[in-house]
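This report concerns only the one structure given below.
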Amino acid sequence: MKKNTLEVFSIKNIVSELRKEKGLTQQELAQIMRVSRQTIISLENGKYNPSIMLAHNIAKMFGKTIEEVFIFEEE
Amino acid sequence: MKTLRQKKIYSGFIFVIGFIMVVLQSYVYKDVNRIMVGTMGAGFIIMSLFRFYQYHRIENDPKRKEQFEIMCDEERINFVANKARSMVFVISVVAEAIVCVVASLIGQMQLSVILGFVTGVQTFGYLICYKIFDLKY
Numbered sequence: 001m002k003k004n005t006l007e008v009f010s011i012k013n014i015v016s017e018l019r020k021e022k023g024l025t026q027q028e029l030a031q032i033m034r035v036s037r038q039t040i041i042s043l044e045n046g047k048y049n050p051s052i053m054l055a056h057n058i059a060k061m062f063g064k065t066i067e068e069v070f071i072f073e074e075e
Numbered sequence: 001m002k003t004l005r006q007k008k009i010y011s012g013f014i015f016v017i018g019f020i021m022v023v024l025q026s027y028v029y030k031d032v033n034r035i036m037v038g039t040m041g042a043g044f045i046i047m048s049l050f051r052f053y054q055y056h057r058i059e060n061d062p063k064r065k066e067q068f069e070i071m072c073d074e075e076r077i078n079f080v081a082n083k084a085r086s087m088v089f090v091i092s093v094v095a096e097a098i099v100c101v102v103a104s105l106i107g108q109m110q111l112s113v114i115l116g117f118v119t120g121v122q123t124f125g126y127l128i129c130y131k132i133f134d135l136k137y
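Residue numbers (the working numbering), protein chains in the order written: chain A, 1 to 75; chain B, 1 to 137.
In structure tokens, the structure reads:
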């Protein structure tokens, strides 16, 4: 019988790679996003998951979708 | 700008409380209470004046003002602050409850009653807020 349960996901992101591609520092990206540099650091290290608004703004800034920037991996 | 203005109003409020305390200590309180109230009031006044000075410096520096506004409204900082507040609240309530029980066991009934009342009000307040947010979200 098929179990009707949600899969558990972990989230990875490629913000660091995209930022470097664009030639931006963490401070510059933070200023564009109107967040602190510490937030960008925590985000890139995977310690902090952004709100949907911030995730959307970051993805839009890099010209990508949220799913392309924030990768959901099944645990 | 709104955040800076709110903080100034809050500091003004603290200044007024401190001022009232300093004035009251001369007329209402005696001995040790007088010193304590006066010192606390002076502390509030000094703290609020220092804050006013900080806000004045921030206002006169556009870059700093922008950074300050970002930091005040930033999601991660709010997330961390809320997490810290809720953890401290839980620890406080538990610690107060433990001290309340210990105080009653060692015969310190006045302390026990006060702490019990405070713990009760905090717990009740939490339940009310939880219900409100549960309905809102």
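All residues carry an ideal CB built from backbone N, CA and C; glycine is no exception.
query                                                                                                                  : result
Whether G12 of chain B touches V22 of chain B by CB criterion (7 Å)                                                    : no
Three-state secondary structure assigned by DSSP to I14 of chain A                                                     : coil
Bridge partners - F72 of chain A, DSSP secondary structure assignment                                                  : A:I11
Minimum length 4: unbroken alpha helix (DSSP H) runs contained in the stretch 11 to 46 of chain B                      : none
Coil, strand or helix - T25 of chain A by DSSP                                                                         : coil
Start and end residues, alpha helix (DSSP H) containing P62 of chain B                                                 : 62 to 73
Cα-Cα separation, R76 of chain B to F72 of chain A                                                                     : 21 Å
Interfacial residues, the stretch 71 to 87 of chain B to chain A, with Cβ spacing under 7 Å                            : M71, E74, E75, R76, I77
Contacts of R34 of chain A in chain B (Cβ-Cβ under 7 Å)                                                                : I70
Boundaries of the alpha helix (DSSP H) in which T39 of chain A is found, first to last residue                         : 37 to 44
Extent of the continuous alpha helix (DSSP H) run through K136 of chain B                                              : 109 to 136
Beta-carbon gap between S11 of chain A and N49 of chain A smaller than 7 Å                                             : Looking at the sequence provided, one finds Ile at residue 11 of chain A rather than Ser. Yes. Within cutoff.
Nearest residue (CA-CA) to K58 of chain A, options A:E74, A:S16, A:V8                                                  : Correcting the residue type first, residue 58 of chain A is Ile in the shown sequence and not Lys. Answer by Cα proximity: A:S16.
Given 8 Å, three or more beta-carbon pairs between the stretch 80 to 93 of chain B and the stretch 52 to 61 of chain B : no
Neighbour list for T39 of chain A in chain B, Cβ cutoff strictly below 7 Å                                             : E74, R76
Whether E74 of chain B touches V69 of chain A by CB criterion (7 Å)                                                    : no
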